[in-house]
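There are 2 protein chains.
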Amino acid sequence: MRFATLTEVGGRTTAAVSLDGGWHRLPAPDLSAYLAAFHDRPVTDLLGEEVQGARAALPLPAPGKVVCCGLNYADHITETGRELPTHPTLFAKYADTLTGPTEEIRLPAGLDVDWEAELAVVVGTEIRGADRSEAAAAIWGYTVANDVSVRDWQRRTLQWFQGKAWDRTTPIGPVVVTADEIDPAAGLQVVCRVDGVERQRDNTRSLVFDAPSLVAYVSTFTRLRPGDLVLTGTPGGVGMGMTPPAYLTDGAVLETEISGIGVLRNRIAFTKD
Amino acid sequence: MRFATLTEVGGRTTAAVSLDGGWHRLPAPDLSAYLAAFHDRPVTDLLGEEVQGARAALPLPAPGKVVCCGLNYADHITETGRELPTHPTLFAKYADTLTGPTEEIRLPAGLDVDWEAELAVVVGTEIRGADRSEAAAAIWGYTVANDVSVRDWQRRTLQWFQGKAWDRTTPIGPVVVTADEIDPAAGLQVVCRVDGVERQRDNTRSLVFDAPSLVAYVSTFTRLRPGDLVLTGTPGGVGMGMTPPAYLTDGAVLETEISGIGVLRNRIAFTKD
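Those protein sequences? They're chains A and G, same order as listed. The numbers in numbering that gives the first Met the number 0 rise by one with no breaks, and the one at position 41 of the first sequence is 40. The numbers in numbering that gives the first Met the number 0 rise by one with no breaks, and the one at position 85 of the second sequence is 84.
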């Protein structure tokens, strides 16, 4: 099934599920609230009327944790000059870092802003210390993310966090597709386009650490709860890997697409201060 | 003034303030909820009856953000073999990483668990893009923290996060002392003892990036809200800097003290799984 948080006329949002070609209201303002309250209830018990004329918003506005993996596609690891890892490289974002699938990404002018198309895993069950099969069972679904990165801040120190946690710069969405419908291990195309030019294309089959492995690994040290996100890393083709490096310009349109899920389309807007 | 979250008989918690030698109830279950609801109200409007026989709990159980600075005392930077930084090295924890001032710190046996005594800054006003003086004005108070670190996991990859975000391993407390009463720039002693043996002693005067600088820097990229925490980094004397390196053992008692605030006293308990 496909779930979304939809913005209706007037600006209010609602959680919704796609059934029979239409979006049906669920009794929560967004998918974060829906999962927190109803993750163990059959969706068919909760179906409301069809929602008309709405557009996709940030599906999960309030995850307690957004854990991100770096260096998880062989070709991206190679372009950064590193060897294949024995453990996943992890860093954190906060809920504030996220933004919707069609929102402008606003940043001060003068930063080196780069793209990173990624598959994001949505946790559906509370877990800690899960093994691989428990982790697989705890995955509710998948969505599209772009781990837009401020490279000059990311490189200021050893720790990437300050280049990765600018408010409202990581678009997520447009929908969450449940894990019974798509399987990243079987292969989903991950594509990033900048102003219509394809910059990244790879397949989730090539993930060094796949979705259940990452979720299990993270759950070793921290509890994951319904609505938490795990971003699985980006393939090769980022701007800092180009010769010379190329970054997003003011007004650039960033498209991030994963087959079977959908497309994010975000315009970059540089501000004066 | 001194604020705390107190656990009463029966296990319920309450926010409280110390006045005239006694702790007085405030109308919130903890300081996170208190700051969220009342950060701009005079505390004298909110005073309840005196709380008897309570003990200090984790003062801020629900910060939206816990941003930590590494490498911020000259002697600790030297012991890790690095040069003085031009920018603060930042990484993130989540609310789940925190624990109370007298709680056991439970971790699986076999990890290299190290101590890092730190001053923690409590944000009192929502800020984004603050300059130094705005940041200073947004600091509500200070508390004690120990950024207990799982060194073997911290070193597995380039990013420290996975060694820094084990649930319930960063003790915080026992109280928050408001910024009108103490000034880290004027000098607070930061001390860490393991089983009674002093391992760290330094003074907050020696911070490379002081509290207002750190808060201002973080607010450049993310909004800080009442109850958020900024940990300011640890001085020299950590276990990994010893020859040979020494880590916390099962049953070890970790004491973390900052002059003018108080002492955390946490026992380490290694679990079998």
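Cβ coordinates follow ideal geometry from the N, Cα and C atoms, glycine included.
Q.
Suppose you measure from the CA of G/T231 to the CA of A/V8; what does that come to, to the nearest Å?
A. 45 Å
Q: Taking G/Y33 as the reference, give the member of G/G20, G/P60 and G/T77 with the closest Cα.
A: G/P60
Q. Name the DSSP bridge partner or partners of G/I267?
A. G/I104
Q: Please confirm whether A/V193 and A/L247 have their CB atoms less than 8 Å apart.
A: yes
Q.
I believe G/P84 touches G/V214 by the beta-carbon criterion, under 8 Å. Please report the beta-carbon distance rounded to the nearest angstrom.
A. About 17 Å separates the two Cβ atoms, so there is no contact after all.
Q) Does any residue of chain A bring its CB to less than 8 Å from the CB of G/F220? A) yes
Q) Quick one, which residues of the stretch 154 to 167 of chain G are near chain A if we go by CB-CB under 7 Å, in chain order? A) R155, T156, L157, Q158, W159, F160, Q161, A164, W165 and D166
Q) What are the residues of the stretch 242 to 259 of chain A that lie near chain G, defined by any Cβ-Cβ distance shorter than 8 Å? A) Taking 8 Å as the Cβ-Cβ cut-off against chain G, none of the residues of the stretch 242 to 259 of chain A qualify.
(Q) If I follow the unbroken beta strand (DSSP E) through A/Y216, where does it start and stop? (A) Element bounds for A/Y216: not the beta strand (DSSP E) but the alpha helix (DSSP H), A210 to F220.
Q: Count the CB pairs spanning the stretch 91 to 105 of chain A and the stretch 162 to 182 of chain A that are closer than 8 Å, and state whether there are at least three.
A: yes
Q: Determine the contact status of A/T142 and A/N265, defining contact as a CB-CB distance below 8 Å.
A: no
Q) From G/P243 to G/D201, what does the alpha carbon distance come to, in whole angstroms? A) 22 Å
Q | Proximity below 8 Å, CB of G/L45 to CB of A/T88 | A | no
Q | Strand pairing of G/R24, partner residues [DSSP] | A | Secondary-structure assignment with DSSP links G/R24 through a beta bridge to G/A15.
Q.
I need the boundaries of the beta strand (DSSP E) containing G/L118, first residue and last residue.
A. First-last of the beta strand (DSSP E) with G/L118: A116 to V122.
Q.
Run through chain G and tell me which residues come within less than 8 Å of A/D113, C-beta to C-beta.
A. Under the 8 Å cutoff, chain G gives no residues; its nearest Cβ is about 15 Å from A/D113.
Q. With DSSP run on the structure shown, which of helix, strand or coil describes A/W284?
A. There is simply no residue 284 of chain A to check, as chain A begins at 0 and stops at 272 in what is shown.
Q) Does the beta carbon of A/K271 come closer than 8 Å to any beta carbon on chain G? A) no
Q | For A/F2 and G/G235, the rounded distance between their alpha carbons | A | 50 Å
Q | Which listed residue (G/T124, G/V252, G/A36 and G/T270) has its alpha carbon closest to that of G/P170 | A | Comparing Cα-Cα distances from G/P170 to each of G/T124, G/V252, G/A36 and G/T270, the minimum goes to G/V252.
**Q.** For A/T4 and A/D29, believed in contact at Cβ under 8 Å, the rounded distance
**A.** That pair is a contact at about 4 Å.
**Q.** Three-state secondary structure assigned by DSSP to A/P243
**A.** coil
Q | For A/H86 and A/V229, the rounded distance between their alpha carbons | A | Taking the CA atoms as reference points, A/V229 sits about 15 Å from A/H86.
Q: Report, in whole angstroms, the separation of the C-beta atoms of A/A210 and A/V120, which I expect to be a contact under 8 Å.
A: 5 Å
Q. Is G/V189 closer than 8 Å to G/I275 when the C-beta atoms are compared?
A. Here chain G covers residues 0 to 272 and nothing more, so residue 275 of chain G does not appear.
Q. Of the choices G/V147, G/T124, G/T43 and G/D130, whose alpha-carbon is the least far from that of G/E115?
A. G/V147
Q: Output yes if chain A places a C-beta closer than 8 Å to the C-beta of G/T88; else output no.
A: yes
Q. How big is the Cα-Cα spacing for A/T219 and A/Q51?
A. 43 Å
Q. Rounded to a whole number of angstroms, what is the C-alpha to C-alpha distance between A/T255 and A/A56?
A. Near 15 Å, if we compare the C-alpha coordinates of A/A56 and A/T255.
(Q) Please state whether the Cβ-Cβ distance between A/W139 and A/T177 is less than 8 Å. (A) yes
Q.
Using a 10 Å radius around the Cβ and a threshold of 16 neighbouring Cβ atoms, would you call G/R224 buried or exposed?
A. buried
Q: For chain G, find out if any of its Cβ atoms is closer than 8 Å to the Cβ of A/G109; answer yes or no.
A: No, because no Cβ of chain G sits closer than 8 Å to the Cβ of A/G109.
Q) Going by other Cβ atoms of all chains shown within 10 Å of its Cβ, with 16 needed for buried, is A/D74 buried or exposed? A) exposed
Q: Show which residues of chain G have a CB atom less than 8 Å away from the CB atom of A/Y93.
A: G63, K64, A91 and T221
Q. Within the 8 Å Cβ cut-off, does G/G69 reach chain A?
A. yes
Q) Can you tell me whether A/R131 is buried or exposed, with buried defined as 16 or more other CB within 10 angstroms of its CB? A) exposed
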